[in-house]
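Enquirer: Mind looking over this structure? Questions follow.
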Amino acid sequence: MKIIRSKEYAPDVAWSAIDIANMNGITTRLHWTDAPYKWHVNDGQEVFVVLDGQVEMFYKQGQSELSVMLQVGDIFYASVGTEHVAHPHGEARVLVIESEGSV
Numbered sequence: 036m037k038i039i040r041s042k043e044y045a046p047d048v049a050w051s052a053i054d055i056a057n058m059n060g061i062t063t064r065l066h067w068t069d070a071p072y073k074w075h076v077n078d079g080q081e082v083f084v085v086l087d088g089q090v091e092m093f094y095k096q097g098q099s100e101l102s103v104m105l106q107v108g109d110i111f112y113a114s115v116g117t118e119h120v121a122h123p124h125g126e127a128r129v130l131v132i133e134s135e136g137s138v
């Protein structure tokens, strides 16, 4: 059993993570960040849940670049092949569920 108090997690480096679980090759990780990530496409599907703060998620759909502002409790699902990048507005803590070793 594990209890993780996400609001207490505050590392020194953006996109640092705590590994919560690995279930048959699917990882669940708590990330902290105050800086944008990089544009990327995951090897599989990704579930991105905002636990604290606000994150603007940019994504490409066809030739268009779109964005959505994610608030606490919002969930972004990236299907296979979805190019995206997360830009926090200030500090944010997010739960990410994805294939092990994914970008």
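In the numbering used here, the protein residues as written are 36 to 138.
Ideal Cβ positions, reconstructed from N, Cα and C, are used throughout, including at glycine.
Small disclaimer: the values here were computed from a predicted structure and weren't measured.
What separation, rounded to the nearest whole angstrom, lies between the Cα atoms of Gly60 and Glu135?
Expert: Gly60 and Glu135: Cα-Cα distance of roughly 5 Å.
Enquirer: Compare the Cα-Cα distances from Val76 to each of Gln106, Met36 and Phe93 and report the closest residue.
Expert: It is Phe93 whose Cα lies nearest to the Cα of Val76.
Enquirer: By alpha-carbon positions, which one of Ile53, Met104 and Thr117 ends up nearest to Gly125?
Expert: The shortest C-alpha separation from Gly125 is found at Met104.
Enquirer: Output the distance between the C-alpha atoms of Lys73 and Glu43, rounded to the nearest integer angstrom.
Expert: The straight-line gap from Cα to Cα measures roughly 25 Å.
Enquirer: Bridge partners of His66, per DSSP?
Expert: For His66, which the question treats as bridged, DSSP gives the partners Ala52 and Val129.
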